[in-house]
Amino acid sequence: MDYALLNRFYGDHVQMNKVETARNIKQVMRIVRKILDHVHKKDRRFKRKPLRVGSYYTHLKVSKADEFDFSVVLDVPPLDWCNDDSSYIYEFNKKDQLVKKVSTAADLPIEKGLISLPDNIIQQWNRDGINDDEACLTFDDDIIPIMVKKRFKALVSEAVNELDIENVDAKRLTDSPATTLTINLTKPANGDVSVDLTPLIESRSTFVEFLGWPRPGSQWPPKKKVDEIKEMGFNDIAKDKYYWTYSFASCEKKLLDGIDNIEENPTFRKMSEKIMKKLKEKWCPKSMKQELTSYHLLNILFWECERYPQDSEWSEDHVDTKLISMSERLLECIRKNNLPQYFHPRVNLFSTKKIDVLNQVAKNIQQFLRKPVSYIQRYY
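Next up, the structure:
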């Protein structure tokens, strides 16, 4: 593959239409603001102004501006995180209602923990009448993920119905940490747009040695970027029903900010990543879409950047070799059924994925690797 072919492929199939993108984001933001204003008025614990995360806001979205991600911050003070051998677990009934806490000698799952609120915060919520019945987010002094998800989802659905927002469907609660909106944009836009709104605790937790980042001796990212990420810390999202889960979304956004030189000696890390995402659409037909995600590819990019830390290794002359290298790394991770999360390598991002489906994806990747030029020409 030469750069001319890849650049043409990038322009024809990867880049988004600027006019359509501007139109979509304008309509999406109008709806998101209206919904979050309503949510905040009903429950001030959910902040109005979301954090903008995900592919669009990190400039890694490909083809169409049809997916947007926002983190909705819970207005709570710095919190205590528990993940040790003196911990406890929750027991729920069949309706996902928490019934009791049970002491346990076992460690909690990797990347998961319990979060306690100061007594004065819960007492204030109770005095203000915002933590009763369906609005309750706590059990004893703990703030419970499934309760946060249910409360937020109910308020979003209420906003869609009471404000009579047309062409918006609030999807049912799923195992995802997000409440998902499907928006059918008005003409002249075409098709549906998906918007994920994810409740988040902005805990700004410290990168301790246990996490495994940054790695000793690593030359990437630069020390200045490492210091910026360590200073901001990471947060927690309601991914699991019972336990809070580390979220590195803000760290990933910070790491991607300025990842490429755009003036003197330009680099093409993001271009390489976006081409990989476009290829993934062929590797993963719709039935396989959830087994290999954009987040998997983002972590592949970060590992490759650490493996090849020099800007000279990401010049336009090396885009083809980086696509091959990233594809080979992905293939190896599938074969091992283990893709370590970049910021917390003990976490396997393939742990919940269907290995038989990933093996089929691997066959499609192998087809690309055998004859990359003819593969691109054939499918595009």
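Just so we're aligned: the sequence shown equals residues 262 to 641 in the working numbering. From the three backbone atoms N, C-alpha and C, an ideal C-beta is built for every residue, glycine too. The structure displayed is predicted, hence computed values, not measured ones.
So, is residue i buried or exposed, given that buried needs 16 or more other C-beta atoms within 10 angstroms?
i: Phe471; result: exposed
i: Pro438; result: buried
i: Gln551; result: exposed
i: Val608; result: buried
i: Glu593; result: exposed
i: Ser511; result: buried
i: Lys624; result: exposed
i: Arg412; result: buried
i: Val300; result: buried
i: Ile404; result: buried
i: Gln602; result: buried
i: Asn560; result: buried
i: Lys541; result: buried
i: Val580; result: buried
i: Pro338; result: exposed
i: Ala283; result: exposed
i: Pro527; result: exposed
i: Arg639; result: exposed
Beta-carbon within less than 7 Å of residue i's beta-carbon, same chain only, minus the 5 sequence neighbours each way: which residues are those?
i: Glu577; result: Tyr264 and Phe529
i: Tyr351; result: Leu359, Lys362 and Tyr503
i: Thr467; result: Gly494
i: Pro606; result: Gly473
i: Glu222; result: In the structure displayed, the chain extends from 262 to 641; residue 222 sits before or after that span and is not available.
Quick one, which of the options has its alpha-carbon nearest residue i's?
i: Asp521; options: Phe495, Trp481, Gln551 and Lys500; result: Trp481
i: Met537; options: Lys547, Gln571 and Thr554; result: Thr554
i: Pro483; options: Tyr504, Ile350 and Lys515; result: Lys515
i: Asn392; options: Lys287, Phe307, Asn496 and Tyr641; result: Phe307
i: Ser322; options: Phe270, Lys531 and Lys632; result: With the sequence shown as reference, residue 322 is identified as Lys, and Ser is not the correct amino acid for it. The residue with the shortest Cα to Cα distance from Lys322 is Lys531.
i: Asn496; options: Asp304, Ile444, Asn422 and Val333; result: Val333
i: Glu534; options: Ser508, Lys373 and Ser586; result: Ser586
i: Asp453; options: Arg476, Trp474, Asn428 and Pro475; result: Asn428
i: Glu419; options: Lys295, Phe611 and Val289; result: Lys295
i: Thr447; options: Gln288, Leu375 and Ile523; result: Gln288
i: Glu567; options: Arg596, Tyr556 and Phe604; result: Phe604
i: Tyr507; options: Leu558, Gly374, Trp386 and Gln385; result: Gly374
i: Lys356; options: Asp380, Ile407 and Asn387; result: Ile407
i: Glu328; options: Leu458, Asp488 and Lys310; result: Leu458
Check residue i in the structure and name its three-state DSSP category.
i: Asp336; result: coil
i: Arg294; result: helix
i: Asp394; result: helix
i: Phe353; result: strand
i: Val643; result: Nothing can be reported for residue 643, as the shown portion of the chain is limited to 262 through 641.
i: Glu427; result: coil
i: Tyr641; result: coil
i: Val323; result: coil
i: Gln602; result: strand
i: Asn526; result: coil
i: Arg257; result: There is simply no residue 257 to check, as the chain begins at 262 and stops at 641 in what is shown.
i: Trp564; result: helix
i: Asp346; result: Any reading at Asp346 needs caution, since the residue's pLDDT is 47, under 50, leaving its predicted position unreliable; the model's value is listed next. In the structure shown, Asp346 sits in coil (DSSP, three-state: anything other than H, G, I, E or B).
i: Asp457; result: strand
i: Trp575; result: helix
What does a CB cutoff of less than 6 Å around residue i pick up in its chain, not counting 5 residues either side in sequence?
i: Cys545; result: Leu553 and Val622
i: Phe400; result: Leu359
i: Asn354; result: Val360
Closer than 8 Å by C-beta to residue i: which residues in its own chain qualify, once you throw out the five before and the five after it? Chain order, please.
i: Val409; result: Leu335, Leu398, Pro460 and Ala499
i: Tyr641; result: Phe270, Asp273 and His274
Runs of beta strand (DSSP E) wholly within the segment 479 to 553 (minimum 3 residues, chain order):
495 to 498 and 505 to 508
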